[in-house]
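Remarks on the structure that follows.
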């Protein structure tokens, strides 16, 4: 089957020097490989023309997932960058929503998300080990544990495997926002829009607000396969202390731990019970690390290494253990998150600590 020419979105412009030097035509196609640190999940890297992207998103979601969350990456704020370091986009996640409802909300934005060269977006369901992402580089990535199914889906769309694919990202190119183009050069669907509607910060902010999206640190980008999720669920279900959360998205628990640490850094405003609930998130994570395969445990340690490090730095009074005051435990060693208390305490937490004898001599 003859490969189809790749039609790039408006947001990518190849350098003229590359067009003169490179005689090989850019075509649609894909490659795939095992994901790092997994034995059963694959990453597909797909070059597909811009007009194919909506159909491919729907195809990859298909009947395999009932709900998903939106991932949105764009440069919302200017960031301080070390000399020579890359500028990274801000990353936002939406809550889980039924896939049909999610598509209904994002459909009016899809052409702009696809064509603007400073926006990346995707859909994911952590529990099913599925993620589809169209980056600001305008490369489509699909993460899946069913590579045969994905290959068949791409074949149905006329997109074939290329052993030695030439991607446009291999060539010199510029990224362009929709506002970079003269009005008279834009397709009709964009030429009728105002500058405000074409401003990627504005329309991404608008979409983010509609979906109640929240910021996620780039260091917490991770992928857990369906097999790993099943292993985690079985581990939690076997323990009465954690069985209630066994069916929850473990990825959300990891993000919640990071959010709790960030709240403690800023000044924890909840009471002691709220604080214990935050520590319980780390108990859940610790149980999974200890109760699953070593490779998965190490992977989870790496995911939470940054929030763990931050939490260690903000603990004070580390000669005391919070769990002593909670359950009278007498074990000689305690998990670090119970050893001490966060330094930046709000009034409610400090009041409860005083009531529970934290600040008494020889407590």
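In our numbering, the protein residues as written are 9 to 371. The beta-carbon is built from N, C-alpha and C at its ideal position, and this holds for glycine as well.
Span of the beta strand (DSSP E), counted from its first residue to its last, around residue i
i: residue 75; result: 75-82
i: residue 140; result: 138-142
i: residue 54; result: 50-55
i: residue 350; result: 347-350
i: residue 39; result: 37-42
From the options, residue whose alpha carbon lies closest to that of residue i
i: residue 236; options: 210, 300, 264; result: 300
i: residue 279; options: 137, 350, 77; result: 350
i: residue 66; options: 315, 39, 355, 150; result: 150
i: residue 285; options: 326, 309, 308, 345; result: 345
i: residue 45; options: 115, 175, 130, 231; result: 231
i: residue 98; options: 30, 182, 79, 112; result: 79
i: residue 49; options: 157, 143, 19; result: 157
i: residue 37; options: 172, 202, 137, 348; result: 172
i: residue 128; options: 141, 196, 359; result: 141
i: residue 115; options: 238, 247, 302, 219; result: 219
i: residue 200; options: 248, 120, 59, 131; result: 120
i: residue 293; options: 343, 318, 197; result: 343
i: residue 59; options: 17, 205, 81; result: 17
i: residue 73; options: 109, 95, 83, 84; result: 109
i: residue 225; options: 162, 283, 315; result: 315
i: residue 249; options: 283, 291, 183; result: 291
i: residue 358; options: 326, 283, 102; result: 283
i: residue 26; options: 177, 306, 191; result: 177
i: residue 154; options: 22, 40, 223; result: 40
i: residue 368; options: 193, 287, 328; result: 328
i: residue 13; options: 348, 30, 57; result: 57
i: residue 348; options: 287, 189, 306; result: 287
i: residue 11; options: 21, 162, 223, 20; result: 162
i: residue 360; options: 302, 281, 130; result: 281
i: residue 130; options: 64, 190, 195; result: 64
i: residue 238; options: 296, 28, 306; result: 296
i: residue 47; options: 205, 189, 77, 304; result: 304
Buried or exposed by the 16-neighbour rule on C-beta atoms within 10 Å, applied to residue i
i: residue 365; result: exposed
i: residue 33; result: exposed
i: residue 100; result: buried
i: residue 312; result: buried
i: residue 243; result: buried
i: residue 339; result: Residue confidence for residue 339 is low, a pLDDT of 32 falling below 50, so the modelled location carries little weight and cannot support an answer.
i: residue 362; result: exposed
i: residue 185; result: buried
i: residue 96; result: exposed
i: residue 180; result: exposed
i: residue 309; result: exposed
i: residue 82; result: buried
i: residue 135; result: buried
i: residue 196; result: exposed
Own chain residues within Cβ distance below 6 Å of residue i, not counting five before or after
i: residue 337; result: Bear in mind that a pLDDT of 35 at residue 337, under 50, signals an unreliable position, so the number given afterwards is only what the model happens to contain. So the list reads 331, once near-sequence residues are dropped.
i: residue 258; result: 240
i: residue 228; result: 266
i: residue 215; result: 117
i: residue 69; result: 107
i: residue 62; result: 118
i: residue 182; result: 21
Residues of its chain near residue i, where Cβ-Cβ distance is below 7 Å and the 5 sequence neighbours each way are ignored
i: residue 2; result: This structure cannot speak to residue 2, because the chain is shown only from 9 to 371.
i: residue 75; result: 104, 105, 106, 107, 133
i: residue 203; result: 187
i: residue 175; result: 55, 147
Where the alpha helix (DSSP H) containing residue i begins and where it ends
i: residue 272; result: 258-274
i: residue 63; result: 61-69
i: residue 134; result: Premise fails: residue 134 is in no alpha helix (DSSP H) and is neither H nor E.
i: residue 22; result: Careful: residue 22 lies outside any alpha helix (DSSP H), inside the beta strand (DSSP E) at 20-22.
i: residue 243; result: 234-245
i: residue 7; result: There is simply no residue 7 to check, as the chain begins at 9 and stops at 371 in what is shown.
i: residue 355; result: 355-363
i: residue 95; result: Segment: none, residue 95 is in no alpha helix (DSSP H) and carries neither H nor E.
i: residue 212; result: 208-219
i: residue 222; result: Taken as a continuous stretch (DSSP letters only), residue 222 belongs to no alpha helix (DSSP H), being part of the beta strand (DSSP E) at 222-224.
Contact with chain C by residue i, beta-carbon distance below 8 Å
i: residue 155; result: Absence of chain C from the displayed structure is noted, only one protein chain being present.
Contacting residues, own chain, Cβ-Cβ under 8 Å from residue i (five flanking each side not counted)
i: residue 352; result: 272, 273, 274, 275, 276, 322
i: residue 43; result: 49, 50, 51, 151, 231, 233
i: residue 192; result: 199
Original post:
Should the stretch 201-212 be regarded as contacting the stretch 119-134, the criterion being three or more beta carbon pairs within less than 8 Å?
Top reply: yes
Original post:
If we count Cβ pairs, one from each stretch, closer than 8 Å, do we get three or more for the stretch 270-283 versus the stretch 310-328?
Top reply: yes
Subject >> Touching by the beta-carbon criterion (3+ pairs, under 8 Å), the stretch 159-170 and the stretch 241-255 >> reply: no
Subject >> Sufficient close CB pairs (3 or more, under 8 Å) joining the stretch 139-155 to the stretch 42-58 >> reply: Counting Cβ pairs under 8 Å, three or more are found: they touch.
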